[in-house]
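These protein sequences, in sequence, are chains A and B.
All residue numbers for the first sequence refer to our numbering, where the first residue is 650 and numbers rise by one.
All residue numbers for the second sequence refer to our numbering, where the first residue is 650 and numbers rise by one.
Everything on this sheet refers to the single structure shown next.
Protein chains: 2
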Amino acid sequence: MTYEEFKEKVGSVILTGEGNCPVTPVVQMLQGKWKLQILYELCIKCPMRFGELKKVLKPITNTALTNALKELEADELVQRIQYNEMPLRVEYSLTEKGRDLLPVFYAISQWGMKYIP
Amino acid sequence: MTYEEFKEKVGSVILTGEGNCPVTPVVQMLQGKWKLQILYELCIKCPMRFGELKKVLKPITNTALTNALKELEADELVQRIQYNEMPLRVEYSLTEKGRDLLPVFYAISQWGMKYIP
DNA sequence: CCGTATCCCGCGAGATACTG
DNA sequence: CAGTATCTCGCGGGATACGG
Chain A
650 MTYEEFKEKV GSVILTGEGN CPVTPVVQML QGKWKLQILY ELCIKCPMRF
700 GELKKVLKPI TNTALTNALK ELEADELVQR IQYNEMPLRV EYSLTEKGRD
750 LLPVFYAISQ WGMKYIP
Chain B
650 MTYEEFKEKV GSVILTGEGN CPVTPVVQML QGKWKLQILY ELCIKCPMRF
700 GELKKVLKPI TNTALTNALK ELEADELVQR IQYNEMPLRV EYSLTEKGRD
750 LLPVFYAISQ WGMKYIP
């Protein structure tokens, strides 16, 4: 794809240049050491429990996982459901908004397969 | 796109789960406050001079711009060419590897248009 | 089991001044 | 013009211990 094709497809409205990169806010939302890996694991298996995520993202700490999940929830990419059983059970799943990131992941993966050895 | 379609298209090799998210290393490469905006500006106009980039990314400092450009160059997303004139002229341009990120930007923009008000 | 509450530390980024 | 050289500061994330 050339930039001209890109511009034509996306529309010029959000392509004003001068620092108004339309991509930046989205990537900001995905920034942080763990967010992408969490979303990725939730793509593979959904829903997942807190402890399950913690196990799969092995060196992650409680604090980091909690914070990342909270931010993802605030951005409506992930949904938290708490079941008041004993012992407590909490499940995290992707929202539609979160699942719609799959084409983005796909594009990135394609690029990675071409350029990452 | 469902995850099953995703898996089929990308191939299961890199989809091992257990923390091996294929997307993460790519986004790591794009991380930093300014890298994406630099790439984006270079999509719009290429090549650009140091001072030109600095003007367009207004509140950026010399240090930040220099560091970001160095890292982008190390990752072979951007090429630096120096002309030993007086006064000095340096031009930055996207490499093919960098230009090939456009489909990624496109996917992200599509998502953004759907979900960012 | 699923977190919160602290404390701590390093690193990315800002500010400012200076150079080939 | 296109950077480099320092210094500083804030905050994201790690470690550990405790609470509902």
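Beta carbons: idealized from backbone N, C-alpha and C, even for Gly.
Pair within 8 Å by beta-carbon distance, residue i and residue j
{"i": "glycine 681 (chain A)", "j": "glutamate 725 (chain A)", "result": "no"}
{"i": "valine 753 (chain A)", "j": "alanine 723 (chain B)", "result": "no"}
{"i": "cysteine 692 (chain A)", "j": "leucine 751 (chain A)", "result": "yes"}
{"i": "leucine 679 (chain B)", "j": "valine 676 (chain A)", "result": "yes"}
{"i": "glutamate 734 (chain A)", "j": "arginine 698 (chain A)", "result": "no"}
{"i": "proline 674 (chain A)", "j": "glycine 761 (chain B)", "result": "yes"}
According to DSSP, residues forming a beta bridge with residue i
{"i": "tyrosine 741 (chain B)", "result": "B:Met697, B:Arg729"}
Among the options, the one whose alpha carbon lies nearest that of residue i
{"i": "arginine 729 (chain B)", "options": "B:Pro736, B:Met735, B:Leu718", "result": "B:Leu718"}
{"i": "tyrosine 652 (chain B)", "options": "A:Pro736, A:Tyr689, A:Ala713", "result": "A:Tyr689"}
{"i": "isoleucine 709 (chain B)", "options": "B:Pro766, B:Asn733, B:Gln686", "result": "B:Gln686"}
{"i": "leucine 714 (chain A)", "options": "A:Asp749, A:Trp683, A:Arg738", "result": "A:Trp683"}
Inter-residue CB distance, residue i and residue j (contact presumed, cutoff 8 Å)
{"i": "valine 705 (chain A)", "j": "serine 758 (chain B)", "result": "That pair is no contact at about 31 Å."}
{"i": "lysine 746 (chain A)", "j": "tyrosine 764 (chain B)", "result": "6 Å"}
{"i": "leucine 743 (chain A)", "j": "valine 727 (chain A)", "result": "6 Å"}
message = Suppose only complete runs of 4+ residues qualify. What are the alpha helix (DSSP H) ranges in the segment 668-717 of chain B, listed by chain order?
response = 673-678, 684-693, 699-705
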